[in-house]
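J.:
In our numbering, the protein residues as written are 810 to 1060.
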């Protein structure tokens, strides 16, 4: 009978009728199966339940599949994958606009557009500034002490109810001027003071500097996801015909 799960196969065989068909037999068909049902209410809960039960042993490497009944589970699942799992394949892919790199770039571009439309001096709105400081990419690439310093800065600005953040106000609040977090924020202000033609290239260079300084383990799942997003962003910048030079101002 008709079943929607086979609709793609039927379309394929209709388009390519000469394709050989046949039942694919695997060892799984003859093995005794053990089924465990775990009741979890939310997407986050389901993701954590998966992570705590998945087998990451070398014995079963390449023999494990996680099948998601809801595509909205993909992001929570990717965020909780055990580091020991190593590299794996995501068949449906992860949209670029759902990644940390996109959110980082988007927040900076929002500030640039805001400045152009309003004619204001070079400032970040508090919303844009705090969105950048909370970005997952910073939490992964920065040292814990540097990331904590940025969060303390965000808390002070939020508590004071300030609508905009200027470079001068930032310098008043930061304790020392030589930390990586301080240099990072100074570069953010450098970017929004640039011409629109060069902004994307400099945003990429900033993300590249964060990654190179971190000396991350590229086998880590989250690091691998960020690198894939950075590669996609670089291709987008190249398509916009903006030249990307090697960073000249390392941390």
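The beta carbon of each residue, even a glycine, is placed where N, CA and C say it ideally should be.
Just how far apart, CA to CA, sit residue 946 and residue 823?
T.: What you label residue 946 is simply residue 137 of the chain shown in a count that begins at 1. What you label residue 823 is simply residue 14 of the chain shown in a count that begins at 1. Residue 946 and residue 823: Cα-Cα distance of roughly 46 Å.
J.: When burial is assigned at 16 or more other CB atoms within 10 Å of the CB, is residue 974 buried or exposed?
T.: For the purposes of this step, residue 974 is taken as the residue at position 165 of the chain shown. By the 10 Å Cβ count, residue 974 comes out buried.
J.: Please classify residue 909 as buried or exposed, where buried requires at least 16 neighbouring CB atoms within 10 angstroms.
T.: In the chain shown, residue 909 corresponds to position 100, counting from 1. Buried is the call here.
J.: Taking the alpha-carbon of residue 1010 as reference, which of 1022, 1045 and 937 has the nearest alpha-carbon?
T.: Position 201 of the chain shown holds residue 1010. Checked all of 1022, 1045 and 937; the closest Cα to residue 1010 is 1045.
J.: So if DSSP puts residue 934 in a beta bridge, which residue, or which two residues, is it bridged to?
T.: Position 125 of the chain shown holds residue 934. Paired residues: 973.
J.: Is it buried or exposed for residue 916, if we count other Cβ within 10 angstroms and need 16 for buried?
T.: Here residue 916 refers to the residue found at position 107 of the chain shown. Under this definition residue 916 is a buried residue.
J.: Taking the alpha helix (DSSP H) that residue 866 falls in, what are its first and last residues?
T.: Here residue 866 refers to the residue found at position 57 of the chain shown. Here residue 866 belongs to no alpha helix (DSSP H), and DSSP marks it neither H nor E.
J.: In terms of residue numbering, what span does the alpha helix (DSSP H) encompassing residue 825 cover?
T.: As a working note, residue 825 is residue 16 in the chain shown. Residue 825 -> no alpha helix (DSSP H), and no H or E assigned at all.
J.: Alpha carbon to alpha carbon, what distance is there between residue 1029 and residue 1057?
T.: Residue numbering aside, residue 1057 sits at position 248 when the chain shown is read from its first letter. Residue numbering aside, residue 1029 sits at position 220 when the chain shown is read from its first letter. Confidence in residue 1057 is poor, its pLDDT being 44 and thus under 50, which makes the residue's placement too unreliable to answer from.
J.: Just the C-alpha distance for residue 818 and residue 827, rounded to the nearest angstrom, thanks.
T.: Counting from one through the chain shown, the residue named residue 818 turns up at place 9. Counting from one through the chain shown, the residue named residue 827 turns up at place 18. If I take the Cα positions, the gap works out to 13 Å.
J.: What did DSSP end up calling residue 852 once you bin it into helix, strand or coil?
T.: In the chain shown, residue 852 corresponds to position 43, counting from 1. Looking at residue 852 - three-state DSSP - the assignment turns out to be helix.
J.: So for residue 1045, helix, strand or coil by DSSP?
T.: Your numbering for residue 1045 matches position 236 in the chain shown. DSSP places residue 1045 in helix when its eight states are reduced to three.
J.: Between residue 882 and residue 858, how many whole angstroms is the CB-CB distance? I'm expecting something under 8 Å.
T.: To locate residue 882, count along the chain shown from 1; it is residue 73. To locate residue 858, count along the chain shown from 1; it is residue 49. Rounded, the Cβ-Cβ distance is 11 Å, inconsistent with contact.
J.: Could you give the residue range of the alpha helix (DSSP H) that holds residue 1000?
T.: Within the chain shown, the letter at position 191 stands for residue 1000. Start and end: 989 to 1001.
J.: Start and end of the alpha helix (DSSP H) containing residue 927?
T.: As a first step, residue 927 must be located in the chain shown, where it is residue number 118. Per DSSP, residue 927 belongs to the alpha helix (DSSP H) from 909 to 927.
J.: Measure from the alpha carbon of residue 880 to the alpha carbon of each residue in 978, 1015, 852 and 1001, then state which is nearest.
T.: Counted from its first residue, the chain shown places residue 880 at position 71. Answer by Cα proximity: 852.
J.: Need the endpoints of the alpha helix (DSSP H) that residue 1019 sits in, please.
T.: Here residue 1019 refers to the residue found at position 210 of the chain shown. Residues 1008 to 1023.
J.: Once you ignore the five residues that flank residue 877 on each side, which residues in its own chain have a CB closer than 7 Å to its CB?
T.: Numbered from 1 along the chain shown, position 68 holds the residue referred to as residue 877. Contacts found: 883 and 886.
J.: What residue range does the alpha helix (DSSP H) around residue 946 cover?
T.: To locate residue 946, count along the chain shown from 1; it is residue 137. Per DSSP, residue 946 belongs to the alpha helix (DSSP H) from 945 to 950.
J.: In whole angstroms, give me the CA-to-CA distance for residue 926 and residue 1038.
T.: Indexing the chain shown from 1 puts residue 926 at position 117. Indexing the chain shown from 1 puts residue 1038 at position 229. Roughly 29 Å separates the two Cα atoms.
J.: Is it the case that the Cβ atoms of residue 942 and residue 989 are separated by a distance below 9 Å?
T.: Taking the first residue of the chain shown as position 1, residue 942 is located at position 133. Taking the first residue of the chain shown as position 1, residue 989 is located at position 180. Cβ distance not < 9 Å, so residue 942 and residue 989 don't count as in contact.
J.: Which class does residue 815 belong to by DSSP, given the choice of helix, strand or coil?
T.: Stepping through the chain shown from its first residue, residue 815 is reached at position 6. If DSSP states are grouped into helix, strand and coil, residue 815 belongs with the helices.
J.: Find out if the Cβ-Cβ distance for the pair residue 911, residue 1042 is shorter than 9 Å.
T.: Taking the chain shown and counting its residues from 1, the one referred to as residue 911 is at position 102. Taking the chain shown and counting its residues from 1, the one referred to as residue 1042 is at position 233. Yes, the Cβ-Cβ distance between residue 911 and residue 1042 is below 9 Å.
J.: Just checking my contact of residue 937 with residue 919 at CB under 8 Å: how many whole Å lie between their CB atoms?
T.: For this step, residue 937 is matched to residue 128 along the chain shown. For this step, residue 919 is matched to residue 110 along the chain shown. Between residue 919 and residue 937 the Cβ distance is about 5 Å, and since that is below 8 Å, they are a contact.
J.: Please classify residue 1014 as buried or exposed, where buried requires at least 16 other C-beta atoms within 10 Å of its C-beta.
T.: Numbered from its first residue, the chain shown carries residue 1014 at position 205. When all chains shown are included, residue 1014 counts as buried.
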